[in-house]
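K.L.:
The structure is given below, and queries will be raised subsequently.
Residue numbers (my numbering): 6 to 85.
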């Protein structure tokens, strides 16, 4: 009887633990990726919105960092 109760509890705890690991950063402006930088475990993209020369640097997940190359269009590069 204990096993039947314990199994769903363990599954729920594991699901909550994994959900807490997800990184949720605010999405940056639309534009072209002009630069990328890393600071230890923190990843950043630099985007020039509408080629105005007003670059904006913002933090992204490591997966978004690796998916977006210099010259690619953000946020399309993270959706592909």
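We treat Cβ as the ideally placed atom computed from N, Cα and C, and that holds for glycine.
Using DSSP with H/G/I as helix, E/B as strand and the rest coil, what is residue 59?
P.N.:
coil
K.L.:
For residue 66 and residue 52, I'd like the C-alpha separation in whole angstroms.
P.N.:
Going by the C-alpha atoms only, they are around 15 angstroms apart.
K.L.:
Measure the alpha-carbon distance for residue 48 versus residue 35 and round it to whole angstroms.
P.N.:
18 angstroms
K.L.:
Determine whether the beta carbon atoms of residue 41 and residue 70 lie at a separation below 8 angstroms.
P.N.:
yes
K.L.:
Excluding the 5 residues preceding and the 5 following residue 64 in the sequence, name in chain order all residues of the same chain whose CB lies nearer than 8 angstroms to its CB.
P.N.:
So the list reads 30, 47, 48, 49, once near-sequence residues are dropped.
K.L.:
Under three-state DSSP, which class holds residue 79?
P.N.:
strand
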